[in-house]
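Chemist: Here the sequence shown stands for residues 3 to 623, numbered as in this note's numbering.
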Amino acid sequence: MGRKAQITAFIIIGIILLISLFIVVYVRNESQYFKPEQIIPAELQPMIGYVESCAEEKAFEAVTRLGMQSGFIYFPQRIEQNPLSYLSIAPNGLMKMPYWFYEGVNQTPSIERMQRDISIFVEETMPSCLENLTAFKGQYYVVELGNISAQTTIANENVVVNVHYPLEFRNKQGLKSIVVEDFHGVVNVRLKKMYELATKIMEAENSYAFFEKRTMDFVGLDEDRIPLMGYDIDCGGKEWNMLDVKKELQRLMHYNLPYVKVAGTKYTPIPDEIAGQDTDYMKNHFYLNFTDSQYDFRVAFQHQMDWPFDLYARPSNGLLLKSNTLPGQDLLKWVCVSLWHFTYDIEYPVRVTITDSKTDEHEAYSFNFAFKVSINHNRPDRQNLGRSVFEAADTVTNEEYCNDVRNGLIIYTVNERTGEYVDDVNISFTCGPYTCEMGQSDWHGGAYALAKKFPYCIRGIVRGKADGYLEKEMFINSNMDNTYDLMLTPIKRIKDIEIIKHDINDVSRTEELSENETALIQIVAADNSYDTFSILPNSSDFPLTLLADDDFTYNLTIYVFENETLTGGLSRQWNVPWPDLENSDKITFHVVGFEGSEEEQFLFFSGLPSYSLNVSAPELT
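1) Using a threshold of 7 Å, state whether the C-beta atoms of PHE456 and LEU411 are closer than that.
2) Determine, using beta-carbon pairs with one atom in the stretch 360 to 380 and one in the stretch 265 to 272, whether at least three such pairs fall under 8 Å.
3) So, with DSSP's three-state summary, where would you put GLU114?
4) According to DSSP, is MET307 part of a helix, a strand, or is it coil?
5) Would you kindly work out how many angstroms separate the C-alpha atoms of ASN291 and TRP445, rounded to a whole number?
6) Report the rounded CA-to-CA distance for ASN262 versus PRO78, giving the unit in angstroms.
7) Would you mind listing the beta strand (DSSP E) stretches within the stretch 344 to 414 that are 3+ residues and don't spill past its ends, in chain order?
8) Do the CB positions of SER443 and ASP469 come within less than 7 Å of each other?
9) Taking C-alpha atoms, which residue in PRO260, HIS287, ASN380, SER480 lies nearest to ASP406?
10) Would you tell me roughly how many angstroms separate the C-alpha atoms of ILE501 and PHE220, rounded to the nearest one?
11) Output the boundary residues of the beta strand (DSSP E) element that contains TYR210.
12) Compute the Euclidean distance between the alpha carbons of GLU527 and PHE544, then round it to the nearest angstrom.
13) Measuring alpha carbon to alpha carbon, tell me which residue in ARG408, SER87, LYS98, GLU105 is nearest ARG461.
14) For ARG461, which three-state DSSP category applies?
15) For a test of the three-state rule: what should DSSP assign to VAL625, helix, strand or coil?
16) In the structure shown, what three-state DSSP assignment does TYR269 receive?
17) Would you mind stating whether THR432 and HIS379 have Cβ atoms separated by less than 7 Å?
18) Output yes or no for whether 7 Å exceeds the beta carbon distance between VAL188 and ASN160.
19) Using the three-state DSSP reduction, which class does ASP543 fall into: helix, strand or coil?
20) When burial is assigned at 16 or more other CB atoms within 10 Å of the CB, is LEU662 buried or exposed?
21) Decide if MET307 is buried, meaning its Cβ has at least 16 other Cβ atoms within 10 Å, or exposed.
22) Any chance you could list the beta strand (DSSP E) runs of at least 3 consecutive residues sitting entirely within the stretch 137 to 166, in chain order?
23) Who are the Cβ neighbours of SER531 in its own chain at under 6 Å, not counting the five residues just before and after it?
24) What's the C-alpha gap between GLU349 and MET255?
25) How about ILE560: is its C-beta nearer than 7 Å to some C-beta of chain D?
26) Just curious, the alpha helix (DSSP H) that LYS60 is in, first and last residue?
27) Buried or exposed: TYR257, going by 16 or more other Cβ atoms within 10 Å of its Cβ?
28) So, helix, strand or coil for TRP576, using DSSP?
29) Since VAL107 contacts PHE213 with CB under 8 Å, what's their CB separation in whole angstroms?
30) Note the first and the last residue of the continuous alpha helix (DSSP H) segment covering PRO611.
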């Protein structure tokens, strides 16, 4: 045989050996997953079907219960022993719906956890369904060769439960004996896809505080029922009962939450007759948009009137909320200014229901979970800071928490107008009831920043304070190393304020405020994003704080009183160029002076914007 022939033979043999090895490995691996189907005698089929129907029945019960209890069948001890960590939706706590996010802790069950719960439920409840197979003992002897063991798989389109339950079947004549070990049940519900949508909704709420913002939209919507901030010409002052405020806000959330829609899901648009004049607002602000994915499900949000709803307002006198008059003034007889500014702590549960309709491929199914809406001092608080009002203090001390630092954060401090970095910003960090003083921003890698390890917290609050800037805060996560920009709003405070009164009939005639006169100054940014106020003659205690490093337009309102009489005022728009404000330390306001009867006072007040056009604009010097 020639050399070429030998080489060819060796190559062929090598290829054959390689193919043989591949086949052996493939068959061995595949044999782990594919077992030859057991041939079951026809007379045993009803018994096998009966066992599998029990497996399927109990799996369906498990999936149904899981869908009613936020993805849980068996609760972790931290939930079971804390009634505040779940929504009780049945008497005596028989049906619990754990909050998926509670006090900064993610309580969302994993797919693996749900599979385990279903398996345990099937193992525990199948025996009661089988009733020792007494229905078939007239035909066969049934011998248990082992205990029930279940394994669950939550797939995209269904839930499959494989039950290992070795049984030996012998006919009465003893002529036939067969052992069957494995059974299975299938529940045709799309639990996995619904769970994925639910987790995205929860992540969106934790990231954007959608429901906290919508709640605050309703606070102050009707100052007669839910006061927030404002003033009124009211000689009797204004009062609100906190219980009435709570009841009204709860009623608003009860009726309006069902109108929230989720992008990418099936929903019915809000009818124009329901939205009324607020059609654009309802359709835009009640639209939760966080994903480009499409889901063939419906999502509903609800809060029931008999569920918990905690509300606390400050300042308050017991259950009474009251407006204030000007400092040092009695209630004015005819024209009185009532001022109020309340901050709210609000906490209430929201139930989310994701519904799938029945088709030829799958059954109808609903998956429910709950979370708490939490507001602290009028601000979204996904960390649940309000528990200092509603719950007992934590057992961990503030010092212990602040010393338990975990991950490194870099907080850059930046002027939001100029983009320049800001030094010497005092930074604190709040998580739940704990507040830690973290230090000052300093030079770090070419910019001013605070680089430090922070205690662990999800949705903690970083606050920055610096001279020449408004106090600023933002939400951060310190569960991993990260970098943030704290954008600071530059301001200029002016304490030296003068008011010149111009006679309404002859504006060239001027005078300063008398010793008995008091002036209330309110300045609001044209876009309503900012406001400041001052009271004369106490301007050193109430300086005006104007936005800096840019030009701004404000709506300016001034009222002047002498004892119980309105003696002057101003209502106009004010353009403030930054170069003029930057080099000034005094503001002179020109107002319209007035003397007249009580009836003429009201006429003057209503015509104030027109009268104000006759006097000079404020002067910066």
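Glycine residues also receive a C-beta, built at the ideal position from the N, C-alpha and C atoms.
Modeler: On the basis of the coordinates in this document:
1) yes
2) no
3) helix
4) coil
5) 39 Å
6) The question names Asn, but residue 262 in the sequence shown is Val. Taking the straight line joining both Cα atoms gives about 31 Å.
7) 345 to 358, 367 to 378
8) no
9) SER480
10) 37 Å
11) Premise fails: TYR210 lies in the alpha helix (DSSP H), 193 to 210, not in any beta strand (DSSP E).
12) First, the amino acid is wrong: residue 527 is Ala here, not Glu. Each residue's alpha carbon lies about 18 Å from the other.
13) GLU105
14) coil
15) This structure does not reach residue 625, given that the chain is present from 3 up to 623, and the question cannot be answered.
16) coil
17) no
18) yes
19) coil
20) Nothing about residue 662 can be reported from this structure: the residues present for the chain run from 3 to 623 only.
21) exposed
22) 142 to 146, 151 to 156
23) none
24) 12 Å
25) Although the question refers to chain D, the structure presented lacks it and comprises just one protein chain.
26) 47 to 70
27) exposed
28) strand
29) About 19 Å; that fails the 8 Å criterion.
30) 610 to 614
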